[in-house]
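Here's the structure we're looking at; comments come further down.
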Amino acid sequence: MSSVREGTYALIYGVVRRIPPGRVATYGQVARLAGLPGRARQVGYALHALREGDCVPWQRVINARGEVSARAEPGMVELQRQCLEAEGVVFDGRSRIDLDRYGWRPRSPR
DNA sequence: AAACTGACTAATA
DNA sequence: CTATTAGCCAGTT
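Residues in the first sequence are numbered consecutively from 0, following numbering that gives the first Met the number 0.
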């Protein structure tokens, strides 16, 4: 069926799940790919609502500046960074990721 | 049902 | 580079 009126969050999770390991996507990019252009904020809120066990690689979503966005819970930023580094993503001296190099490019040869 | 709450971004100064 | 402004929507209380 067309028009499966899933919650906005479900659409977002669907996109995030497609981000391959070792790659990152920005909130705005995820929003656009989910068919929700301009709703980058909602992506962040959706990820915040995630629970363990949802199998969504939330760690691969970062902000447009190429950095891990600040979270409410302390320690989570470092956790996210560690998870990404474990996938091979490299942070520069200012804790930023080179989107030009690690940004996910859908429909593009790996 | 109204108010509150948030893991953002792009443009401008 | 930082600060400010405006646009954004849905799940919770």
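Every residue gets a Cβ at the ideal spot worked out from N, C-alpha and C, and that includes glycine. Just so it is clear, the structure is predicted and the values come from calculations on it, not from any experiment.
Assigned exposure category for residue i - 16 Cβ within 10 Å defines buried
i, result
"GLY65", "buried"
"PRO73", "exposed"
"ARG40", "exposed"
"GLN58", "buried"
"PRO36", "exposed"
"ALA45", "buried"
"SER1", "Interpretation of SER1 is limited by its pLDDT of 41, a score under 50 that renders its predicted location unreliable; no figure is taken from the coordinates."
"ARG104", "exposed"
"ALA63", "exposed"
Strand pairing of residue i, partner residues [DSSP]
i, result
"ALA24", "VAL60"
"GLY87", "According to DSSP, GLY87 bridges with nothing at all."
"GLY102", "VAL23"
"ARG95", "GLU66"
Distance between beta carbons of residue j and residue i, contact taken as under 8 Å
i, j, result
"GLU86", "GLY21", "5 Å"
"VAL23", "ILE96", "6 Å"
"ARG80", "VAL67", "6 Å"
Cα-Cα separation between residue i and residue j, rounded to whole angstroms
i, j, result
"GLY43", "TYR26", "7 Å"
"VAL89", "ILE61", "13 Å"
"GLY13", "VAL29", "10 Å"
"ALA48", "GLY92", "31 Å"
"GLY102", "ALA71", "25 Å"
"TYR8", "GLY34", "12 Å"
"ALA69", "PRO19", "23 Å"
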